[in-house]
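Structure first, commentary second.
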Amino acid sequence: MTLELSRLHRRFAGFQALDDVSLSIAPGEFLALLGPSGSGKTTLLRILAGLDYPDSGSVLNDGENFLAQPARERRIGMVFQHYALFRHLTVIENIAFGLRVRPWRSRPSRGEIRARVDRLLRRVQLEGLGKRFPAQLSGGQRQRVALARALAVEPDMLLLDEPFGALDAQVRVTLRRWLRQLHEELELTTVFVTHDQEEALELADRVAVMNQGRIEQVGTPEVIYQQPATPFVCEFIGKVNRFNVKRGSQGFAAGAWTPEFDPWQGRFSEAIVYVRPEQLRLAAPASQPAWEARLRHIYLAGSVAHLDLHVASLDLSLEADIASEDLSRLGLQAGMELRVAPRGAILFPLDRDGRPLSAERWIWQARSPVPA
Amino acid sequence: MTVPLRSRPVAWPRRVLHAVLIALALVFLLLFLVMPLATVFVEAFRQGVAPYLDSIRQPEALSAIKLTLLVAVLAVPLNVLFGIAAAWAMTRFQFRGKALLGALIDLPFSVSPVVSGLVYVLLFGAQGWFGPWLDSHGIKIIFAVPALVLATIFVTLPFVARELIPLMQAQGSEEEEAARVLGASAWQMFFRVTLPNIRWALLYGVLLCNARAMGEFGAVSVVSGHIRGLTTTMPLEVEMRYNEYEYVGAFAVASLLALLALVTLAVKSLLEWRYGDEIAAHAPGGH
Numbered sequence: 001m002t003l004e005l006s007r008l009h010r011r012f013a014g015f016q017a018l019d020d021v022s023l024s025i026a027p028g029e030f031l032a033l034l035g036p037s038g039s040g041k042t043t044l045l046r047i048l049a050g051l052d053y054p055d056s057g058s059v060l061n062d063g064e065n066f067l068a069q070p071a072r073e074r075r076i077g078m079v080f081q082h083y084a085l086f087r088h089l090t091v092i093e094n095i096a097f098g099l100r101v102r103p104w105r106s107r108p109s110r111g112e113i114r115a116r117v118d119r120l121l122r123r124v125q126l127e128g129l130g131k132r133f134p135a136q137l138s139g140g141q142r143q144r145v146a147l148a149r150a151l152a153v154e155p156d157m158l159l160l161d162e163p164f165g166a167l168d169a170q171v172r173v174t175l176r177r178w179l180r181q182l183h184e185e186l187e188l189t190t191v192f193v194t195h196d197q198e199e200a201l202e203l204a205d206r207v208a209v210m211n212q213g214r215i216e217q218v219g220t221p222e223v224i225y226q227q228p229a230t231p232f233v234c235e236f237i238g239k240v241n242r243f244n245v246k247r248g249s250q251g252f253a254a255g256a257w258t259p260e261f262d263p264w265q266g267r268f269s270e271a272i273v274y275v276r277p278e279q280l281r282l283a284a285p286a287s288q289p290a291w292e293a294r295l296r297h298i299y300l301a302g303s304v305a306h307l308d309l310h311v312a313s314l315d316l317s318l319e320a321d322i323a324s325e326d327l328s329r330l331g332l333q334a335g336m337e338l339r340v341a342p343r344g345a346i347l348f349p350l351d352r353d354g355r356p357l358s359a360e361r362w363i364w365q366a367r368s369p370v371p372a
Numbered sequence: 001m002t003v004p005l006r007s008r009p010v011a012w013p014r015r016v017l018h019a020v021l022i023a024l025a026l027v028f029l030l031l032f033l034v035m036p037l038a039t040v041f042v043e044a045f046r047q048g049v050a051p052y053l054d055s056i057r058q059p060e061a062l063s064a065i066k067l068t069l070l071v072a073v074l075a076v077p078l079n080v081l082f083g084i085a086a087a088w089a090m091t092r093f094q095f096r097g098k099a100l101l102g103a104l105i106d107l108p109f110s111v112s113p114v115v116s117g118l119v120y121v122l123l124f125g126a127q128g129w130f131g132p133w134l135d136s137h138g139i140k141i142i143f144a145v146p147a148l149v150l151a152t153i154f155v156t157l158p159f160v161a162r163e164l165i166p167l168m169q170a171q172g173s174e175e176e177e178a179a180r181v182l183g184a185s186a187w188q189m190f191f192r193v194t195l196p197n198i199r200w201a202l203l204y205g206v207l208l209c210n211a212r213a214m215g216e217f218g219a220v221s222v223v224s225g226h227i228r229g230l231t232t233t234m235p236l237e238v239e240m241r242y243n244e245y246e247y248v249g250a251f252a253v254a255s256l257l258a259l260l261a262l263v264t265l266a267v268k269s270l271l272e273w274r275y276g277d278e279i280a281a282h283a284p285g286g287h
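Protein chains in written order, with the UniProt record's numbering: chain A, 1 to 372; chain B, 1 to 287.
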């Protein structure tokens, strides 16, 4: 099924949940709707599930009006944020629910239902827990029951609402990989909602970043990360250093750093700059223009070290990430002075009112990238 | 090595305070609850078992019992329907006037039962709004069984709804939405998901509703007309007998009502003990 969402609007009392959203979902793809809470991603998912309807706009499924179909006819499997398992039914009864409520003509026989439930229990690695009630399961187990229940009806599309939100960090990563594997085996169109950018980037084929009811950018995780389309995407995805540059007689400059070549040809006098922590080059050679920065603190977080830098001349705090093992190789210690320069940056010009213009994005790269 | 757990020794002034408070509560209970209840049974059996049974077997008493049961059988299911519908509307939909509906559901708790009864007399009585029309069509409501049922429904209206609303609020609608996405029809969703989730709270509400329906005096008294053998329910029969100095008879019927109260209390405690978490934490307020 190819879903074509166009110009969806949805307004709740005093708040625009969806504001002109258009998106296409290809068969078999794994799509993440990523955004902060209140960005409209869950509303979009609920519209796909048939639990909510847009005020205007259309959703076509292979050219047919998808919105005209009631939820129960859409052939959708949905995993709710808190799983919504039927608390009064056992795991087996939960999984079989979607089959048992079918009209008798299309309902599989008892034996078939039993066999299918057993298969699903094996698939989600819950053999032997079939007779338990949801309250007797751990969070991760509940999530897998919810998934098995959604898969039991052999849906054309799987919708997941914050599927890992209620799990602890360890289970989360394991289940994430497992879900990705499952998707590759089933080749089922899957849309999932998350506010966790790491989850979205790791799992999805494509990511739609949402903010205040709008889609800011749709693209592969690489594109989203490396070529963010708007300031919001820059700030929401990953960590980022932000500062402003002004145009002087020599073009744009922030202290010693001058991004050469101005694609705007002097149309703008100020721009906002985003530099990822791993895009900051430490110990730049004297031949390259760089800032004099003081290394205020080193936060060692396992394999990565976060460095807290301060550029006194600009009164600018920066964060740089390097591999932990490079700490000793570069001889870094808190309190030392370093020469720091960006290797790449994303720039958005500011209009007269100080608003960034996304359409004029400039992806700047240092001319001769040298390894840090 | 494990050290046996000992509760912290309580200083003796505090122990005295505990004892005084407990004694106070017990004396109160004894004085205001147990003694009156015991009196009912003592008075009922004052002249022995035979007069007790005789006074219950009188046709007026039997007809009062039958009428009380009839009123309850009609009022309770209607209130169950209303209660579920109202709780559903209050917890599953957003609409204008929702707060008003919530207040209206509580209205019978805040209005004196006598007023509730009077309202029906003003509506359907001979001099009431619909009185002449009803009269010309030969429909009798006031001073007849329909008024008793109407007044009872009014008075017991909040019991089921008040019990279900907090529970359904807490449970949310996710399970129902899951059922719909899984292909369940509206009825399948209700009977397979909603109803099982609220069944104990519903039973609890029905129990309280039933106790009130059978015990209601004020509203029913106003609309009944006190026609012996026709429109007197058990509470009314008790009053009439008492006013006629027929003490054994009055207390005999009263003992049946008291028995109902005791059974209700027992089942209620059982439900609370067994399914406390599925029943709203606070029983309906009011009387």
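The beta-carbon is built from N, C-alpha and C at its ideal position, and this holds for glycine as well. These numbers were taken from a predicted model, which means no experiment stands behind them.
A straight-line Cα-Cα distance of about 45 Å links R96 of chain B and E239 of chain B. DSSP, read as helix, strand or coil, puts S112 of chain B in coil. Nearest to F191 of chain B by C-alpha distance, out of A:F261, A:G111, A:P342 and A:V101, is A:V101.
With a minimum length of 4 residues, the unbroken runs of alpha helix (DSSP H) contained wholly in the region 197 to 242 of chain A fall at 197 to 203, 221 to 226 and 231 to 236. Around the beta carbon of D161 of chain A, 16 or more other beta carbons lie within 10 angstroms, which makes this residue buried. Between S324 of chain A and I298 of chain A, the alpha-carbon positions lie close to 10 Å from each other. Here T194 of chain B carries a helix assignment [DSSP, helix/strand/coil].
Scanning A:S24, A:D20, A:D19 and A:F15 for the CA closest to the CA of T2 of chain A turns up A:S24.
Counting every other CB atom within 10 Å of its CB across the protein chains shown gives G140 of chain A a total of 16 or more, marking it as buried. In the structure shown, the three-state DSSP call for P27 of chain A is coil. Beta-bridge partners assigned by DSSP to N243 of chain B: none are found. Neighbourhood of F97 of chain A in chain B, by CB distance below 8 Å: A179, L182, A184 and R192, in chain order. Looking at A:R339, A:D205, A:E270 and A:L327, the one whose alpha-carbon comes closest to that of S303 of chain A is A:L327. The beta carbon of E199 of chain A lies closer than 7 Å to those of F164 and R176 in the same chain, with the five residues before and after it left out.
In this model, S249 of chain A and D205 of chain A are separated by some 45 Å (Cα to Cα).
Taking T264 of chain B as the centre and dropping the five residues before and after it, the same chain places the C-beta of L207, L208, N210 and A211 closer than 8 Å to its C-beta, in chain order. Per DSSP, L3 of chain A is not a residue of any alpha helix (DSSP H); the beta strand (DSSP E) it occupies stretches across L3 to F12. Along the length of the region 288 to 330 of chain A, whole alpha helix (DSSP H) runs at least 4 residues long occupy 324 to 329, reported in chain order. Residue pairing of L158 of chain A in beta bridges, as defined by DSSP: A:G77 and A:T190.
Contact between I322 of chain A and A305 of chain A holds: their C-beta atoms lie close to 6 Å from each other, under 8 Å.
When C-alpha distances from T152 of chain B are compared across B:A25, B:V222 and B:L256, the shortest belongs to B:V222. With fewer than three CB-CB distances shorter than 8 Å, the region 69 to 80 of chain A does not count as touching the region 233 to 249 of chain A.
The CB of I76 of chain A comes closer than 8 Å to the CB of V181 in chain B, given here in chain order. For the region 28 to 59 of chain A, the beta-carbon criterion of a distance under 9 Å to any beta-carbon of chain B is satisfied by R46, A49, G50 and L51. Taking CB atoms only, Q169 of chain B has no neighbour in chain A less than 8 Å away.
Burial check for E177 of chain B: the Cβ neighbour count within 10 Å reaches 16 or more, so the residue is buried.
Interface annotation, P196 of chain B: in contact with chain A, CB-CB separation under 8 Å. Beta-bridge annotation (DSSP): S58 of chain A is paired with A:S6. Boundaries of the beta strand (DSSP E) around L347 of chain A: G344 to P349.
Residue-level contact check: R367 of chain A does not touch chain B, since none of the beta carbons of chain B fall below 8 Å from its beta carbon.
Between the region 62 to 79 of chain B and the region 91 to 109 of chain B there are fewer than three inter-stretch CB-CB distances shorter than 8 Å, so the stretches are not counted as touching. Counting C-beta atoms within 10 angstroms of its own C-beta, S317 of chain A has fewer than 16 neighbours from the protein chains shown and is therefore classed as exposed.
Ranking A:L203, A:H195, A:F252 and A:G266 by CA distance to the CA of V233 of chain A puts A:H195 first. Contact annotation: in the region 93 to 121 of chain A, residues whose CB is within less than 7 Å of a CB in chain B are F97, G98, V101 and R102. Considering only A:A169, A:R180, A:R142 and A:R172, the residue with the shortest C-alpha distance to L158 of chain A is A:R180. Using a 10 angstroms sphere on the CB of Q279 of chain A, the tally of other CB atoms reaches 16 or more, which defines it as buried.
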